[in-house]
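Numbering-wise (full-length UniProt numbering), the sequence shown opens with residue 1 and increments by one. Built from N, CA and C at the ideal position, the CB exists for glycine as well. Quantities reported herein were computed from a predicted structural model and do not represent experimental measurements.
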Amino acid sequence: MKGTTVNEALELLKPYGAILVAGGNGLSNCIESLNIQELADYHTWVHGGELYLTTLQAFDTIEEIHGLICAFAEAKVAALAVHRLSAIGLSEDLSL
1 MKGTTVNEAL
11 ELLKPYGAIL
21 VAGGNGLSNC
31 IESLNIQELA
41 DYHTWVHGGE
51 LYLTTLQAFD
61 TIEEIHGLIC
71 AFAEAKVAAL
81 AVHRLSAIGL
91 SEDLSL
């Protein structure tokens with residue numbers, strides 16, 4: 001296996017405040033690359049195996065964010081990391 005697992009990355013980042021909000025079944029996913037997601041037109045950039053970092057500022061509605069998450073799941077993205085100030089209440093809004 002090349003890359004780092006989501007769980008390994010999470011453990012490395014816990015001292016900096018990283019927490020798991022949803023997607024515990026994906027902790028064994030392998031992160032093969034890193035990408036920053038700040039464009040609403042994300043479809044052409046998604047290949048699978050990525051850890052995406054985002055503030056979600058490019059998205060205006062919960063429906064758009066839900067679409068992003070569904071597209072990432074379908075593409076087998078390893079993980080999505082959301083800046084904590086952007087994520088306040090997000091898991092409740094998306095019923096995660």
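Residue environment analysis places Y42 among the buried positions, since at least 16 neighbouring C-beta atoms fall within 10 angstroms of its C-beta.
Of the residues assessed, Q37 falls on the buried side of the cut-off, its CB having 16 or more other CB atoms within 10 angstroms. When DSSP reads this structure, I36 sits in a beta bridge with L53. As the crow flies, the alpha-carbon of N35 is around 19 Å from that of E11. Inter-residue distance for K2 and L68 is about 26 Å (C-alpha atoms, whole angstroms).
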